[in-house]
Amino acid sequence: MINNRIIVRGGGDIASGTIQKLHRSGFKVLVLEIEIPSSIRRSVSFSEAVFDGETTIEGMKGVLVKTYDEILEAWDMGYIPVAVDRYGKLIETVRPIAVVDAILAKKNLGTTIDMAPITIALGPGFKAGIDVNVVVETMRGHSLGRLIFDGYALEDTGVPGSICGYAKERVIYSSYEGKIKNIRQIGDIVKANETIALIDDLEVKAKIDGVLRGIIRDNTYVTKGLKIADVDPRHDEISNCNTISDKSRTIGGSVLEGILYFQSIIPFLSVAN
Numbered sequence: 001m002i003n004n005r006i007i008v009r010g011g012g013d014i015a016s017g018t019i020q021k022l023h024r025s026g027f028k029v030l031v032l033e034i035e036i037p038s039s040i041r042r043s044v045s046f047s048e049a050v051f052d053g054e055t056t057i058e059g060m061k062g063v064l065v066k067t068y069d070e071i072l073e074a075w076d077m078g079y080i081p082v083a084v085d086r087y088g089k090l091i092e093t094v095r096p097i098a099v100v101d102a103i104l105a106k107k108n109l110g111t112t113i114d115m116a117p118i119t120i121a122l123g124p125g126f127k128a129g130i131d132v133n134v135v136v137e138t139m140r141g142h143s144l145g146r147l148i149f150d151g152y153a154l155e156d157t158g159v160p161g162s163i164c165g166y167a168k169e170r171v172i173y174s175s176y177e178g179k180i181k182n183i184r185q186i187g188d189i190v191k192a193n194e195t196i197a198l199i200d201d202l203e204v205k206a207k208i209d210g211v212l213r214g215i216i217r218d219n220t221y222v223t224k225g226l227k228i229a230d231v232d233p234r235h236d237e238i239s240n241c242n243t244i245s246d247k248s249r250t251i252g253g254s255v256l257e258g259i260l261y262f263q264s265i266i267p268f269l270s271v272a273n
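In UniProt numbering, the protein residues as written are 1 to 273.
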C-alpha cells in the first residue's frame with residue numbers, strides 16, 4: 001500500500017501554501033494546530049477551521065476533526081482535516097510518510113527527525129540533518145525556498161521583507177496586553193494613524209496607508225509584543241487577501257520538492273511504514 005499521508009504542524013498562511021501544494025499533488029494532508037491559533041492572514045489560513053469548524057481557501061475545504069475516524073472521513077470526502085494537537089500525538093496514530101513543521105516559531109517546539117521517514121521544517125530554529133532531514137529557507141530574497149540539507153536557515157532579522165519601500169512599518173505588534181476588539185477588517189483600506197483595533201480600550205493604529213492584509217481574530221487575548229496585524233502598501237492587493245501569497249506558494253513548492261526528492265533516492269519510503 002502506498003503511504004501518501006503527510007502531517008503539517010501549523011495552519012497559518014505560510015503553512016497553508018504548503019498544505020495547498022501537497023493536497024493538490026494528491027497527498028492526504030492532516031493539519032495539526034494549537035487550541036487558540038493566532039494567525040494574522042486568517043482568510044488564507046486553515047487554522048480558522050479550529051474556530052469555525054471549517055474554512056475554504058481557493059476551493060479547498062478544511063474541516064475540524066476530533067477523532068481518527070473523522071480524519072479518514074475527511075480524506076474520503078476530499079477535504080483537509082484540521083485537528084487540535086499541540087504536541088503531535090496523532091503522528092504515531094496516522095504514521096505519515098512526512099511531517100512538516102510549519103509553525104514558524106523561529107525555534108523548534110518539539111519536532112524531531114524520527115517522527116516520520118521524511119521530516120521538513122520551515123525557517124530558522126532547526127538544524128538540517130540533526131533536527132529534521134531538510135530545512136526550507138523562508139527569508140525573502142534570492143534564497144527563498146532553497147532546500148538546506150546541512151545546517152540552518154538564515155537567522156531571523158526581526159524586520160519583515162520590504163514591499164514598496166516599507167518593511168517594519170507593515171507589521172503591527174501589540175503594545176499592550178488584553179483582549180482585542182477589531183474595528184477594521186481584512187481587506188479594508190486603512191490610513192496611517194487610523195485606529196484599526198482596540199486592546200482594552202487602548203488604540204491600535206496603522207503605521208502606513210494600505211490594505212489591511214491580516215489582523216488577529218476578534219476578541220483574542222493578546223500579549224505585549226505579539227504580532228497582531230499586517231498592512232500591505234499596495235492598494236491593488238485587496239483581492240489577494242483571499243488568495244495564497246507568492247511567498248507561501250514558493251515555500252510550498254519547495255516542501256513538495258523535498259518530499260519527492262527523498263522518495264526518489266529512497267524508494268521504500270513510498271510504501272506504508
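For glycine and all other residues, C-beta sits at the position ideal for the given N, C-alpha and C.
Asked	Found
Residues that Pro81 bridges to, as DSSP identifies them	Val63
Cβ neighbours of Gly129 in the same chain (closer than 6 Å, five flanking residues each side left out)	Asp150
Tyr87, DSSP secondary structure in three states	coil
Backbone CA spacing between Arg213 and Ile186 [nearest angstrom]	6 Å
Which listed residue (Leu198, Arg42, Ser45 and Val31) has its alpha carbon closest to that of Val65	Val31
Rounded separation between Arg249 and Gly17 - CA only	5 Å
Cut-off 8 Å between Cβ atoms - residues of its own chain near Val190, not counting five sequence neighbours on either side	Arg184, Ile196, Ala206, Asp209, Gly210, Val211, Leu212 and Val231
Glu155 - DSSP class collapsed to helix/strand/coil	coil
Alpha-carbon to alpha-carbon, Asn3 and Ala97	According to the sequence provided, residue 97 is Ile. The question's Ala does not apply to it. Taking the straight line from one Cα to the other gives about 6 Å.
At least three beta-carbon pairs within less than 8 Å, the segment 228 to 243 to the segment 153 to 166	yes
Asn182 burial status per 10 Å Cβ neighbour count (16 or more: buried)	buried
CB-CB length for Val204 against Ile172, believed under 8 Å	6 Å
Per DSSP, the bridge partner or partners of Ile266	Paired residue(s): none; Ile266 is not in a bridge.
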